[in-house]
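Taken in order, these protein sequences are the chains called H and Y. Residues 26 to 155 (our numbering) make up the first sequence, in order. Residues 26 to 155 (our numbering) make up the second sequence, in order. Where a beta carbon is used, it is the ideal one built from N, C-alpha and C, also for glycine. What follows is a short report on a single structure.
2 protein chains.
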Amino acid sequence: MSAPPVVSIHPESPDPARKQIADQIRSAIVENLLMPGDELPSVRRLAIDLGVHFNTVAESYRLLSAEGWLDISHGKGARVLRRTATSLPDDSEREEFRQRIRHLVAEMRGRGMEPLAIRGMLLTSLEGIQ
Amino acid sequence: MSAPPVVSIHPESPDPARKQIADQIRSAIVENLLMPGDELPSVRRLAIDLGVHFNTVAESYRLLSAEGWLDISHGKGARVLRRTATSLPDDSEREEFRQRIRHLVAEMRGRGMEPLAIRGMLLTSLEGIQ
DNA sequence: TCAATCTGTACACTGCTTATGTACAGTGAG
DNA sequence: CTCACTGTACATAAGCAGTGTACAGATTGA
């Protein structure tokens, strides 16, 4: 039931550590690298592995719990939940996603990547998805 | 030679205002909504429109200038540059982009969007690109 | 039972980052 | 020259990310 960490921290990233951790765990769940029922490492265990404070990991877990990905219980630990169906994103939420894609694509294009290469990278990202 | 702002601030976003501004202007340039030679609004003008301090806008302009998007001259203003060819991103930079796409897709999937809808949104984002 | 040792939680505190206030300096029109 | 516009520099304030430390629930085994 326990599972590999699949998390790493990039200190030079503009994203705060707790967001990096949450992003990576969320992705791992969506890609079925972490399955419902899997136990996550304790906040102290993962914190040591990543070189951050355990409160930072705890905040990541709480964020994922608030999003419905994890079940945390005091004294026991954190497990991956089976996701219940959520309401579909509304127009403004979809627009927000659109903007984020748009900005990411602009950065890639600005870094010299060809539209075809960008297209390939975008499509590849969908492969692991259930 | 002057051009529409095409920028707005979302105070509830986790991204700092100066990054939001830079992201939107960069996207507009990549999508040819802003063309080389176009004058940007003065930092004070845009700051008033957006409801932020003009130093915040100035920082955005400096960031874009450092990336090679803008030519800023003291006393005159800021103009969109014709981008010179950049070196292609190396493996680690490409991997970083891959991760960002991966995390964004996971968020969309987690919000209930179907893979096909995500795919459609990703591909649509390439349409405006030169 | 109860102590040891795991687990997550709460909250004050520090330091860095973001945003602002304000003074300064370059440019060009009149 | 002067005025009204440009961007720049830097000190200060506010907000937020990360940490230290004390606490509380759960489980194991003596």
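For residue i, tell me which candidate among the options has the shortest Cα-Cα distance.
i: Leu58 of chain Y; options: Y:Pro36, Y:Val32, Y:Ser38 and Y:Arg69; result: Y:Val32
i: Tyr86 of chain Y; options: Y:Val68, Y:Leu75, Y:Asp74 and Y:Gly100; result: Y:Val68
i: Ile191 of chain H; options: Y:Leu129, Y:Asp115, Y:Glu92 and Y:Arg43; result: Only positions 26 to 155 of chain H appear in the structure, and residue 191 of chain H is not among them; the question remains open.
i: Val82 of chain H; options: H:Asp74, H:Arg136, H:Arg43 and H:Asp96; result: H:Arg43
i: Ala131 of chain Y; options: Y:Glu120, Y:Ile143 and Y:Phe122; result: Y:Ile143
i: Thr109 of chain H; options: Y:Arg134, Y:Glu64, Y:Glu121 and Y:Leu95; result: Y:Arg134
i: Glu64 of chain H; options: H:Leu88, H:Val55 and H:Arg104; result: H:Arg104
i: Ile54 of chain H; options: Y:Ser38, Y:Ser150 and Y:Arg127; result: Y:Arg127
i: Glu139 of chain H; options: Y:Leu89, Y:Arg119 and Y:Gly145; result: Y:Arg119
i: Gly93 of chain H; options: Y:Gly153, Y:Glu37 and Y:Arg136; result: Y:Arg136
Residue i touches chain Y at which residues, Cβ-Cβ below 8 Å?
i: His78 of chain H; result: Residues of chain Y passing the Cβ test: none, with the nearest at roughly 20 Å.
i: Ile97 of chain H; result: Going along chain Y, no residue has its Cβ under 8 Å from Ile97 of chain H, so there is no contact; the nearest lies around 17 Å.
i: Val55 of chain H; result: Val130, Ala131, Arg134 and Gly135
Quick one: is residue i buried, meaning 16 or more other Cβ sit within 10 Å of its Cβ, or exposed?
i: Met60 of chain H; result: exposed
i: Ala160 of chain Y; result: Outside the shown range of chain Y (26 to 155) lies residue 160 of chain Y, about which nothing can therefore be said.
i: Leu71 of chain H; result: buried
i: Pro66 of chain Y; result: buried
i: Met26 of chain Y; result: Caution applies to Met26 of chain Y, whose pLDDT of 48 falls short of 50 and renders its modelled position unreliable; the model cannot decide the point.
i: Arg107 of chain H; result: exposed
i: Lys101 of chain H; result: exposed
i: Ser52 of chain H; result: buried
i: Ser18 of chain Y; result: In the structure as shown, chain Y begins at 26 and stops at 155. Residue 18 of chain Y is therefore absent and cannot be evaluated.
i: Asp48 of chain H; result: buried
i: Met147 of chain Y; result: In the sequence under discussion, the amino acid at residue 147 of chain Y is Leu, which differs from the Met named in the question. With 16 or more Cβ atoms within 10 Å of its Cβ, Leu147 of chain Y is classed as buried.
i: Leu75 of chain H; result: buried
i: Ser150 of chain H; result: buried
i: Leu95 of chain H; result: buried
i: Leu141 of chain Y; result: exposed
I want to verify the contact list: residues of chain H whose CB lies under 9 Å from the CB of residue i, in sequence order.
i: Thr111 of chain Y; result: Gly135, Arg136 and Gly137
i: Arg69 of chain Y; result: Those within 9 Å of Arg69 of chain Y in chain H number zero; the least Cβ separation is about 25 Å.
i: Ile34 of chain Y; result: Chain H residues near Ile34 of chain Y: none, gap ~12 Å exceeds 9 Å.
By the criterion of Cβ-Cβ separation under 7 Å, what are the contact partners of residue i in chain Y?
i: Met60 of chain H; result: Ordered by position in chain Y, no residue passes the 7 Å Cβ test against Met60 of chain H, which lies about 15 Å from the chain.
i: Leu65 of chain H; result: Near Leu65 of chain H there are no residues of chain Y at all, since even the closest Cβ is about 16 Å away, more than 7 Å.
Which chain H residues are close to residue i, counting only those with a beta carbon under 8 Å from its beta carbon?
i: Arg51 of chain Y; result: His128, Ala131, Glu132 and Gly135
i: Glu92 of chain Y; result: Gly135
i: Glu118 of chain Y; result: Arg136
Taking the DSSP output, what are the residues bridged to residue i?
i: Arg104 of chain H; result: H:Glu64 and H:Asp96
Starting from the beta carbon of residue i, find every residue of chain H whose beta carbon is closer than 7 Å, and list them in chain order.
i: Asp48 of chain Y; result: His128
i: Arg125 of chain Y; result: Leu129
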